[in-house]
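Undergrad: My structure is below; once you've seen it, I'll send some questions.
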Amino acid sequence: MSILIANCFHWVGFHLLNELLDRGIEVAGIDALDTDRKEHLSMFIGRNSSFSFIDNSEASNYETFIIIDNSDDIPSNFTSRKIKIGFGESREEKENIVHVHAPILYGEWMPMNEKGCLHQERFIDFDSEEFQSEAIYIGDFVKAFIQWLKVDNLPGHIEVRTKKNNEDQALKLENSIYIRDNVPKEENLKRVLAHYRRYKEFY
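In this text, residue positions in the sequence shown follow our numbering: the first is 4, and each later residue adds one.
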């Protein structure tokens, strides 16, 4: 399996990239490196022989193309499978692209402070009902996402929700996938906050 990720040093792209590389999968990345955080995260990848940083003109020889958020780095010559991870309210669908609508994701390197995180330019308090019922830890999301990559015929749209969200709603949406917290949210959040305090200047 060979994968190309656009916006690979967006904090979500970085977690996905790391998990794929840890599994020995060949990954290429495209990114503008237009923020200090992205520059910093690019240093963590180092010289991994399974990773190559490329530009759009080299983007045609990969089995799967993953687009993180609103990346403009979409090569016109790419004909293989395309999967877009989006975070906003928009459910805009384009032909030949699988759209994965992610909930509030939280984890190391996300835009945050001690009290909460930014999700689509909106601050969400860690103690809020919204965060407690809808947020999914990035590690759990990435592991589930990699399982979906093994499926040949994904639906055109996938709605990702928390298991708790499923229990709270009588209505089950078609093409919804529910992810359970593998570790209690409080423990994951404690770890994320410790990471934030340690590397605060890079956040």
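A virtual CB, placed ideally from N, CA and C, is assigned to each residue, including glycine.
Do Tyr140 and Gly110 have their CB atoms nearer than 8 angstroms?
TA: Cβ distance < 8 angstroms, so Tyr140 and Gly110 count as in contact.
Undergrad: Report the option in His18, Ile86, Arg40 whose CA atom is closest to the CA atom of Leu157.
TA: Among His18, Ile86, Arg40, the Cα nearest to that of Leu157 belongs to Ile86.
Undergrad: Which residue from Glu29, Gln135, Asp25, Lys41 puts its Cα closest to that of Asp184?
TA: The shortest C-alpha separation from Asp184 is found at Gln135.
Undergrad: With a threshold of 8 angstroms, are at least 3 pairs of Cβ atoms found where one atom belongs to the segment 20-35 and the other to the segment 53-61?
TA: Yes, since at least three Cβ pairs between the segment 20-35 and the segment 53-61 fall closer than 8 angstroms, the two stretches touch.
Undergrad: Is Arg40 near Trp112, with beta carbons less than 8 angstroms apart?
TA: Contact flag set, yes.
Undergrad: How far does the alpha helix (DSSP H) with Leu192 in it extend, from its first residue to its last?
TA: Looking at the DSSP string, the run of the alpha helix (DSSP H) that includes Leu192 is 188-201.
Undergrad: For Trp14, I'd like the list of residues in its chain whose CB is within less than 6 angstroms of its CB, leaving aside the five on either flank, ordered along the chain.
TA: The residues are Trp112, Met113.
Undergrad: To test your reading of the DSSP string, which unbroken beta strand (DSSP E) runs of 3 or more residues are found completely within the segment 110-140?
TA: Segments of the beta strand (DSSP E) lying fully in the segment 110-140: 119-122, 125-128.
Undergrad: Can Ile48 and Leu23 be called in contact, C-beta distance under 8 angstroms?
TA: No, they are not a contact pair.
Undergrad: Consult DSSP for Arg84 and reduce its assignment to one of helix, strand or coil.
TA: Strand, per DSSP.
Undergrad: Alpha carbon to alpha carbon, how far is Tyr65 from Gly142? Give it in angstroms, no decimals.
TA: Spanning the two alpha carbons is a distance of roughly 24 angstroms.
Undergrad: Measure how close the beta-carbons of Leu19 and Ile8 come, nearest whole angstrom, since I'm counting them as under 8 angstroms.
TA: That pair is a contact at about 7 angstroms.
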